[in-house]
Amino acid sequence: MAASFYKFKRPLTEGLVKSRPNRFIMLVEIQGKLVKCHCPSTGQIGSITFQNIPCLLSKSGNPERKTAYTVEAISLDSPKKKSKSWIGINQTDANRYMEFFIKSGQLPRMVGKVEKFQREVKLGKSRIDFLVNGRDFIEAKTLVMTIPCEGHPNYKKRTSKFLSFGRLIKHYKEIANSIGNGSRAIFLLCFLYNSVSFVPPQTDNHTIKIKRAARKAIAKGVENWQLNLKVSKEGVKLLDYFRLNLF
33 MAASFYKFKR PLTEGLVKSR PNRFIMLVEI QGKLVKCHCP STGQIGSITF QNIPCLLSKS
93 GNPERKTAYT VEAISLDSPK KKSKSWIGIN QTDANRYMEF FIKSGQLPRM VGKVEKFQRE
153 VKLGKSRIDF LVNGRDFIEA KTLVMTIPCE GHPNYKKRTS KFLSFGRLIK HYKEIANSIG
213 NGSRAIFLLC FLYNSVSFVP PQTDNHTIKI KRAARKAIAK GVENWQLNLK VSKEGVKLLD
273 YFRLNLF
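The opening position of the sequence shown corresponds to residue 33 in the numbering used here, with each subsequent residue numbered one higher.
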């Protein structure tokens, strides 16, 4: 029987983010020492000022790496709270988690029985994240900008908007064109915490293009699904997954 829990090679270390001087670096207090750590998500993470934010860190096995630690998750709980809830922020490793849960047969409502699995499959001028059983194309997106931070002492109202929709629009078009001859196309939104059902942002001059592309793709048969995972010091577990009705 396949394992139902994605286990890390070694348990994560708890620290305290003191600041985020740039997109790639977080300064973290680890056992009383301030350490420069790698931030795996270079964009905006929620709407929060990173000052005294609890975090979980993985240690690199490469002694030549400039940063020995990577920040894998953060918590909006008080640093003093013993049992914290964690929110994963490693968008790169999220694809590895998704691969594990798909291949281990834990998403049967979405992909059925998995007999063949491929990563980074060329489709048109793009590369799609996963191809299951040679027919189900899956493009995965892990969202960290939408982490709910309202009510937190460090909450900072977002002043800028995500405007880089070009790649997302391109992938919607490519994956929609893959449908036919028994093939399916799935957009999988992944949250590394127990998120509510995703709600598209309000329509404005910036989001109208992606919404138009999404509606066209859905009309062609593209399915939108949501996957909620839970990160702990030991590993990652599946919380829930369900189909989304976005429009």
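All C-beta atoms, glycine included, are put in the ideal place defined by N, C-alpha and C.
Considering only the alpha carbon of each residue, which of the options lies closest to residue i?
i	options	result
residue 250	275, 72, 261	275
residue 173	86, 150, 121, 182	121
residue 214	129, 156, 169	169
residue 106	136, 116, 97, 134	116
residue 158	207, 93, 42	207
residue 82	167, 58, 96, 97	58
residue 97	69, 151, 73, 79	69
residue 176	40, 71, 236, 239	71
residue 187	67, 37, 80	80
residue 261	128, 166, 244	128
residue 45	183, 87, 39	87
residue 66	100, 132, 38, 235	100
residue 30	232, 263, 209, 131	There is simply no residue 30 to check, as the chain begins at 33 and stops at 279 in what is shown.
Exposed or buried, which one is residue i when buried takes at least 16 other CB atoms within 10 Å?
i	result
residue 123	buried
residue 141	exposed
residue 226	exposed
residue 268	buried
residue 63	exposed
residue 103	buried
residue 258	buried
residue 203	buried
Compute the beta-carbon to beta-carbon distance between residue i and residue j, rounded to the nearest angstrom, for a pair I have assumed lies under 8 Å.
i	j	result
residue 256	residue 223	Contact doesn't hold; Cβ gap of about 13 Å is too wide.
residue 164	residue 153	Not a contact, Cβ separation roughly 10 Å.
residue 49	residue 77	Between residue 77 and residue 49 the Cβ distance is about 10 Å, and since that is not below 8 Å, they are no contact.
residue 211	residue 242	That belief does not hold up - the Cβ atoms of residue 211 and residue 242 are roughly 19 Å apart, past 8 Å.
residue 246	residue 278	7 Å
residue 47	residue 89	5 Å
residue 160	residue 119	Residue 160 to residue 119, Cβ: 27 Å. No contact.
Once DSSP output is grouped into helix, strand and coil, what is the label at residue i?
i	result
residue 250	helix
residue 33	Because residue 33 sits at a pLDDT of 42, beneath the cut-off of 50, its placement in the model cannot be relied upon, and the following sentence gives the value as read from the coordinates. DSSP places residue 33 in coil when its eight states are reduced to three.
residue 54	strand
residue 241	helix
residue 141	helix
residue 62	strand
Kindly identify the DSSP beta-bridge partner or partners of residue i.
i	result
residue 260	223, 272
residue 200	Looking at the DSSP assignment, residue 200 forms no beta bridge with any residue, so it has no partner.
residue 171	219
residue 45	89
residue 70	57, 102
Within 7 Å: the Cβ of residue i and any heavy atom of the ligand ZN?
i	result
residue 92	Absent from the structure shown: the ligand ZN. Ligands present: none.
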